[in-house]
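These notes concern the structure reproduced below.
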Amino acid sequence: MAGHSQFKNIMHRKGRQDAIRSKLFSKLAREITVAAKQGLPDPTMNAALRLAIQNAKAQSMPKDNIDRAIKKASGADAESYDSVRYEGYGPGGTAIIVEALTDNRNRTASNVRSIFTKAGGALGETGSVSFSFDHVGEITYKPGVGDADRVMEAAIEAGADDVTSDEDGHTIICAFESLGEVSKALEASLGDAETVKAIWKPQNTIEVDEEKAQSLIKLIDNLEDDDDVQNVYSNFEVSDEVMAKLSA
Numbered sequence: 001m002a003g004h005s006q007f008k009n010i011m012h013r014k015g016r017q018d019a020i021r022s023k024l025f026s027k028l029a030r031e032i033t034v035a036a037k038q039g040l041p042d043p044t045m046n047a048a049l050r051l052a053i054q055n056a057k058a059q060s061m062p063k064d065n066i067d068r069a070i071k072k073a074s075g076a077d078a079e080s081y082d083s084v085r086y087e088g089y090g091p092g093g094t095a096i097i098v099e100a101l102t103d104n105r106n107r108t109a110s111n112v113r114s115i116f117t118k119a120g121g122a123l124g125e126t127g128s129v130s131f132s133f134d135h136v137g138e139i140t141y142k143p144g145v146g147d148a149d150r151v152m153e154a155a156i157e158a159g160a161d162d163v164t165s166d167e168d169g170h171t172i173i174c175a176f177e178s179l180g181e182v183s184k185a186l187e188a189s190l191g192d193a194e195t196v197k198a199i200w201k202p203q204n205t206i207e208v209d210e211e212k213a214q215s216l217i218k219l220i221d222n223l224e225d226d227d228d229v230q231n232v233y234s235n236f237e238v239s240d241e242v243m244a245k246l247s248a
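Residue numbers (our numbering): 1 to 248.
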C-alpha cells in the first residue's frame with residue numbers, strides 16, 4: 001500500500017479526523033468556491049462544482065456550509081485563488097507532491113519550503129518528481145456498496161483501469177481524462193461514490209524504516225495543517241510491522 005493511503009489510515013485510527021474537521025471543512029469550502037467561480041454556480045451545469053460538493057458531502061459537511069461556499073463565489077469581495085503545485089523530496093529520498101489553492105503565492109511557497117526544510121527534506125522545481133507519478137482519476141466507494149466482484153464488474157463496464165478492494169472499501173482508478181465519464185457510469189450501477197477526484201499515483205514506491213516513516217508522517221501532517229494546502233501525495237511505503245507500531 002502506498003504511503004499516502006497508509007498515512008490516511010494511521011491518522012484515521014488515531015481519531016485525527018475529528019480534530020481537524022473544522023480545517024477540513026474550510027479546505028472543502030475553498031474548493032467549492034473556486035469551482036463555482038470558474039464555472040456556473042449550478043452543480044447540474046458545472047461538473048467541477050458537482051464533484052466538489054459530492055466530496056464535501058462525503059465528509060459530512062453541512063448543507064449550509066456548502067451553500068455559503070457557492071454564494072461566496074458570486075460575491076463582490078470573493079477572493080481569487082490560484083492552483084499551485086509544489087514538488088520536493090522527503091527523508092529517505094522519497095518524492096512528495098503538494099497541491100495548494102492560495103490567494104498569496106509568496107506566503108504559501110515560503111510556508112511549504114519551511115516545512116520541507118525543517119523535516120530534512122528539500123523543495124524542488126516543478127516537474128522534479130511528478131514524472132514518477134501518474135495523474136489519474138480516483139473513485140472510492142464504501143464497503144457496503146457490494147463485494148469485490150460486483151465492484152470489479154461495474155468498474156470494467158465503466159471503463160476503469162484498476163480496482164482495489166479491502167476492509168475499508170473500494171478504490172477505482174481510471175484515466176484522468178475519463179474521470180467524469182467513468183464516475184457517471186459507476187453512479188448508474190453502484191450509486192453515489194464516496195469521493196471522486198484526480199490524484200497523483202506513484203509509479204513505484206520506496207520502503208522506509210520506522211524512523212523515516214515517522215519523519216515523513218510528521219512532514220505530511222505539517223503540510224496538511226497549512227491552510228493553503230489541499231492535497232499531499234508521496235511514494236513511500238512501510239512494512240506491516242512498522243505500520244502496526246505507528247498505528248498503536
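All residues carry an ideal CB built from backbone N, CA and C; glycine is no exception. Just so you know, these numbers come straight off a predicted model, no measurement behind them.
In DSSP terms, what residue i is bridged to
{"i": "Ser165", "result": "His170"}
{"i": "Asp42", "result": "Partner(s): none; Asp42 has no beta bridge."}
{"i": "Gly137", "result": "Cys174 and Ala198"}
{"i": "Val229", "result": "Ala100"}
Three-state secondary structure (DSSP) of residue i
{"i": "Ser234", "result": "strand"}
{"i": "Gly88", "result": "strand"}
{"i": "Glu210", "result": "helix"}
{"i": "Lys71", "result": "helix"}
{"i": "Ser83", "result": "strand"}
{"i": "Ala154", "result": "helix"}
{"i": "Val129", "result": "coil"}
{"i": "Thr205", "result": "coil"}
{"i": "Ala95", "result": "strand"}
{"i": "Ala29", "result": "helix"}
Proximity of residue i and residue j at Cβ, strictly below 8 Å
{"i": "Val196", "j": "Asn106", "result": "no"}
{"i": "Trp200", "j": "Ile97", "result": "yes"}
{"i": "Leu186", "j": "Ile156", "result": "no"}
{"i": "Ala158", "j": "Val136", "result": "no"}
{"i": "Val151", "j": "Ser130", "result": "no"}
{"i": "Thr126", "j": "Glu87", "result": "yes"}
{"i": "Leu101", "j": "Gln214", "result": "no"}
{"i": "Ile220", "j": "Val238", "result": "no"}
{"i": "Val145", "j": "Leu179", "result": "no"}
{"i": "Leu216", "j": "Ser234", "result": "yes"}
{"i": "Ala48", "j": "Gln59", "result": "no"}
{"i": "Thr44", "j": "Asp228", "result": "no"}
Residue i: first and last residue of the uninterrupted alpha helix (DSSP H) it sits in
{"i": "Asp240", "result": "Asp240 to Ser247"}
{"i": "Gly124", "result": "It is not in any alpha helix (DSSP H) - Gly124 instead sits in the beta strand (DSSP E) that spans Ala122 to Gly124."}
{"i": "Ala48", "result": "Ala47 to Ala58"}
Enclosing beta strand (DSSP E) for residue i [first to last residue]
{"i": "Ala160", "result": "That residue, Ala160, is in no beta strand (DSSP E); it is neither H nor E in DSSP."}
Residue i Cβ short of 7 Å to the ligand COA heavy atom set
{"i": "Asp192", "result": "You won't find the ligand COA in this model; it holds no ligand whatsoever."}
Next item on the list: Would you be able to state if there are at least three C-beta pairs under 8 Å between the segment 199-212 and the segment 72-92?
Entry: yes
Notebook entry, point to check: Counting Cβ pairs closer than 8 Å, one from the segment 109-123 and one from the segment 169-176, do we hit at least three?
Noted result: no
Next item on the list: Spell out a yes or no on whether the segment 68-76 and the segment 27-34 are touching, meaning 3 or more CB-CB pairs, one atom from each, closer than 8 Å.
Entry: yes
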